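Accompanying notes for the structure given below.
Protein chains: 2
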Amino acid sequence: MANIYQVAERAGVSLATVSRVINGKAKVAERTKLRVEKAMSELGYRPNSIAQSLASATSNRVGILVSVLDGPFFSNMLASIETTLRDAGKHVIITAGHSDEVKEKEAIEFLISCRCDALILCIDSISDDYLVDLSKRNVQFAVINHQIPQIADRCFIVDNEQGGYLATKSAIEKGHKQIGYISGPTYKEDARLRLRGHQRALQEAGIKFDPDYVYCGDYHDSSGEAGFAYLHSLEKACTAIVCGNDDMATGVILGARRAGIDMPQQLSVIGFDDLIFARYTYPSLTSVENPISDMGTMAAYWILQTVYKQRVGKVIENMFEAKMVVRDSLSEPIYHQSI
Amino acid sequence: MANIYQVAERAGVSLATVSRVINGKAKVAERTKLRVEKAMSELGYRPNSIAQSLASATSNRVGILVSVLDGPFFSNMLASIETTLRDAGKHVIITAGHSDEVKEKEAIEFLISCRCDALILCIDSISDDYLVDLSKRNVQFAVINHQIPQIADRCFIVDNEQGGYLATKSAIEKGHKQIGYISGPTYKEDARLRLRGHQRALQEAGIKFDPDYVYCGDYHDSSGEAGFAYLHSLEKACTAIVCGNDDMATGVILGARRAGIDMPQQLSVIGFDDLIFARYTYPSLTSVENPISDMGTMAAYWILQTVYKQRVGKVIENMFEAKMVVRDSLSEPIYHQSI
DNA sequence: TTAACAAATGTAAGCGCTTTCATTATAACA
DNA sequence: TGTTATAATGAAAGCGCTTACATTTGTTAA
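Going down the list, the sequences are from chains A and H.
Mapping of the first sequence onto the working numbering: residues 1 to 339, in sequence order.
Mapping of the second sequence onto the working numbering: residues 1001 to 1339, in sequence order.
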């Protein structure tokens, strides 16, 4: 493939001039610019991005680290990040951390050794302290789904507390009073915040919060089943179960069906995330939308603006609203209907 | 960050020697090797992969193009490709083609201009001819999910005919005789092959193939619903519907439930792909496993072997077996049970 | 001891660009 | 017309490596 010398020769200019028309920064006389462009297209010339990177000390690579690459949660986000960054001429390198602290750190080091200009991190096993340290090593990065006070400007999150609040509130509005909650692991901040929102909704409605009606799961569907079994065994049965995510809600649905419980008549179920399969469960799952894709796009814009000094016509927002997506798995409780 | 000169200086050797210990190809005396390694770790040195790429004319990048990045189908595959290639020290650049011919071609050009050493293509809108041409432009690539005779050695596919055969055969074995089929768009080879397998299973069982019992959908769930409506309206109703993929099978389930049909008692449904949500539908979906993830891994091995001349201890296979995954949506037909 | 050869290491060119600084062409004005 | 300011272009160094080739060092055998 042709290189910049050959273009320069063909256009009868120096390679510096060719470089100028490639980058469009410095000004070049219109006539010579046309000559150069003609030579470039005649030769089918494409700048060698590797040489550009080496000479300019900018790789134009953005590294993305997600905790799980397989599974539906991040795929929309990856798609929107990829689109946004590719439009800006950046390359996206994607790695998976497999929800493991060691592997996630390795992946970060891998991305750094790839000379990424910036990273987007969607992780769940790495401590805040590590990330704060990372920010001091002058590694540029954005964090999705995780709020770290010291570096809040580069964190992009959904309002988890509000999401938990809305989920429980929507159950209360249907008339539910006995509401179980299956939480994600409470060492995770998002799980804690969602639970806190749940409590606030109860309190606001004058319903006493009873810790016995909270089961702490691990965000996987099996713990949804286990949580259902636990809540089902309690003296006073729940008429609704709010879950910290959709996977666990799915587990509840499976468990409840196995127990011969009619949904939503006898039991309403609410999830969180609004994953793609929420509409395929039976009954279709009412859930809190997690705008993970918007967060990814915003993180990409933040990087374009902060790292690449591009003017993106966007206001950078760090916190995203949660919204209810109501489907069939939420209805009025049976004792309410029978009045 | 330190560069190779500083390492060389600290170790008291020339930079060529440092380069040799980095790459491990040429031999270096054990003593000097240790000195160099000591210097590297003391300086926290990491080779600059961009400079390596430029000097060696190998980018160590592999580009992946998938037709849809959002959605569950490819995410497992991406995960396994990424793991395999990262272990081999390659960087993975992922792009989406959005099932659009122009965009897919643009994406290929983008990946080429990224100087990828090789591509892995999972696409559905680009013609065979284009890919054959591409192979002549000495672009190295593997194709997943698509069989092209001229370049068969670099194509990795599931045995679609066998998959379609197995799906229908499993229905026949349960006693179904009136079996509807909802096909993917027949301009796609995989859809045609799956349908052909369906026909073979019927023929083998002595059931006459009736084209009226085939509905041609577009692989999306809405066309599953439409296909159900069509098959349901026929004089003699089907007791089982075999679908070209899981999305359409999901559409059938939704449509059938809306029509008040009991599944699987009154209607069995079989999908293809065994997507992650197959176990969450109700009834849980019997499907043909599409080993997309294994195919991705194999394509990665093929690239490591063919492009990077690495010895991978693997036999490269191009065609993968389809396997039935039986769940609740397939049962004996009602008239059979009542005997 | 020394010739002959192999192993280890060094030298230097080059990969294809960007960018600083120097130079030349052009324009503006007295 | 000559002078100066300004715009356009060119020359050349360097980004951090790899690698062909040259040189030095070490080893073996006569």
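We treat Cβ as the ideally placed atom computed from N, Cα and C, and that holds for glycine.
Fair warning: this is a prediction, and the values are worked out from it, not measured in the lab.
Sheet register partners of residue i (DSSP bridge)
i         : result
A:Asp218  : In the DSSP output, where bridge partners are listed per residue, A:Asp218 has none listed.
H:Ser980  : In the structure as shown, chain H starts at 1001 and stops at 1339, and residue 980 of chain H therefore has no counterpart that could be examined.
A:Thr286  : A:Ile270
A:His91   : A:Arg61
H:Ile1241 : H:Gly1180, H:Val1269
A:Phe156  : A:Ile144
H:Ala1096 : H:Val1066
H:Met1319 : H:Ile1157
Host alpha helix (DSSP H) of residue i (start-end)
i         : result
H:Ser952  : Residue 952 of chain H lies beyond the stretch modelled for chain H, which goes from 1001 to 1339, so this question has no answer here.
A:Ile108  : 101 to 113
H:Asp1328 : Segment: none, H:Asp1328 is in no alpha helix (DSSP H) and carries neither H nor E.
A:Lys27   : Run containing A:Lys27: none; DSSP gives neither H nor E here.
A:Met248  : 246 to 258
H:Gln1199 : 1189 to 1204
A:Val312  : Here A:Val312 belongs to no alpha helix (DSSP H), and DSSP marks it neither H nor E.
A:Val340  : With chain A represented from 1 up to 339, any question about residue 340 of chain A goes unanswered, as that position is not in the structure.
H:Leu1362 : Residue 1362 of chain H lies beyond the stretch modelled for chain H, which goes from 1001 to 1339, so this question has no answer here.
H:Ser1014 : Run containing H:Ser1014: none; DSSP gives neither H nor E here.
Straight-line Cα distance separating residue j from residue i
i         : j         : result
H:Glu1030 : H:Thr1017 : 12 Å
H:Asn945  : A:Asn138  : With chain H covering only 1001 through 1339, there is no way to say anything about residue 945 of chain H.
H:Tyr1308 : H:Met1319 : 22 Å
A:Ser338  : A:Gly184  : In this predicted model, A:Ser338 has a pLDDT of only 42, less than 50, meaning its place in the structure is not dependable; the value taken from the coordinates is given anyway. When rounded, the distance between both Cα atoms is 34 Å.
H:His1336 : H:Thr1239 : Any reading at H:His1336 needs caution, since the residue's pLDDT is 44, under 50, leaving its predicted position unreliable; the model's value is listed next. Cα to Cα, H:His1336 sits roughly 10 Å from H:Thr1239.
A:Val325  : A:Ser284  : 11 Å
A:Asp218  : A:Pro72   : 17 Å
A:Lys174  : A:Asp247  : 23 Å
H:Ile1261 : H:Leu1267 : 7 Å
A:Glu317  : A:Leu193  : 19 Å
H:Leu1131 : H:Leu1304 : 20 Å
H:Cys1114 : H:Ile1050 : 12 Å
H:Asn1290 : H:Ile1270 : 13 Å
A:Ile148  : A:Gly89   : 29 Å
A:Gly180  : A:Glu235  : 12 Å
A:Ser80   : H:Ala1096 : 10 Å
H:Ile1004 : H:Leu1015 : 6 Å
H:Gly1251 : H:Tyr1215 : 13 Å
A:Leu231  : A:Asp212  : 8 Å
H:Gly1044 : H:Ala1002 : 7 Å
A:Gln52   : H:Gln1140 : 23 Å
A:Lys169  : A:Thr286  : 13 Å
H:His1198 : H:Gly1224 : 17 Å
Among the options, the one whose alpha carbon lies nearest that of residue i
i         : options                                    : result
A:Asp70   : H:Leu1131, H:Gln1305, H:Phe1277, H:Val1307 : H:Phe1277
A:Phe272  : A:Tyr280, A:Thr281, A:Asp262, A:Val288     : A:Val288
H:Leu1166 : H:Arg1200, H:Ala1152, H:Asn1145, H:Ile1151 : H:Arg1200
H:Ser1331 : H:Ile1172, H:Ile1123, H:Lys1103, H:Lys1038 : H:Ile1172
A:Pro12   : A:Tyr187, A:Asn76, A:Ala191, A:Val36       : What sits at residue 12 of chain A in the sequence shown is Gly, not Pro. Ranking A:Tyr187, A:Asn76, A:Ala191, A:Val36 by Cα distance to A:Gly12 puts A:Val36 first.
H:Ile1093 : A:Arg86, A:Gly97, A:Ser99, A:His98         : A:Arg86
H:Gln1150 : H:Asp1328, H:Gly1164, H:Ser1059, H:Asp1129 : H:Asp1129
A:Arg46   : A:Ala26, A:Ile182, A:Ile22                 : A:Ile22
H:Ser1067 : H:Glu1082, H:Pro1333, H:Ala1256, H:Ile1108 : H:Ile1108
H:Asn1060 : H:Asp1117, H:Cys1243, H:Met1298, H:Lys1025 : H:Asp1117
H:Asp1124 : H:Lys1169, H:Thr1168, H:Asp1190            : H:Asp1190
A:Met295  : A:Gly244, A:Glu82, A:Phe110, A:Cys216      : A:Glu82
H:Val1062 : H:Gln1052, H:Ser1075, H:Thr1084            : H:Thr1084
A:Gly313  : A:Met298, A:Val242, A:Ala322               : A:Met298
A:Ala39   : A:Arg10, A:Val28, A:Leu202                 : A:Arg10
A:Asp221  : H:Val1007, H:Phe1209, H:Leu1202, H:Arg1279 : H:Arg1279
H:Arg1196 : H:Gly1164, H:Gln1178, H:His1098            : H:Gly1164
For residue i, the first and last residue of its enclosing beta strand (DSSP E)
i         : result
A:Ala118  : 118 to 122
H:Ile1303 : Here H:Ile1303 belongs to no beta strand (DSSP E); instead the alpha helix (DSSP H) covers 1292 to 1306.
A:Ala141  : It is worth fixing the name first, because residue 141 of chain A is Phe in this sequence and not Ala. Per DSSP, A:Phe141 belongs to the beta strand (DSSP E) from 141 to 144.
A:Met324  : 323 to 325
Any C-beta of chain A within less than 7 Å: which residues of the segment 1045 to 1078 of chain H qualify? If you check each beta-carbon in the segment 1045 to 1078 of chain H against every beta-carbon of chain A, the ones closer than 7 Å belong to Arg1046, Asn1048, Ser1049, Ile1050, Ala1051, Ser1053, Leu1054, Ser1059, Leu1069, Asp1070, Gly1071, Pro1072, Ser1075, Asn1076, Leu1078.
Residues in the segment 1090 to 1102 of chain H with C-beta within 7 Å of chain A's C-beta atoms, listed in sequence order? For the segment 1090 to 1102 of chain H, which is checked against every Cβ of chain A, the residues closer than 7 Å are His1091, Val1092, Ile1093, Ile1094, Thr1095, Ala1096.
Of the residues that make up the segment 292 to 315 of chain A, which ones have a beta carbon closer than 9 Å to any beta carbon in chain H? For the segment 292 to 315 of chain A, residues whose beta-carbon sits nearer than 9 Å to a beta-carbon of chain H comprise Ser293.
Along the segment 275 to 288 of chain A, what residues have a CB closer than 7 Å to any CB found in chain H? Along the segment 275 to 288 of chain A, the positions whose C-beta sits under 7 Å from a C-beta of chain H are Ile276, Phe277, Tyr280, Thr281, Tyr282, read in chain order.
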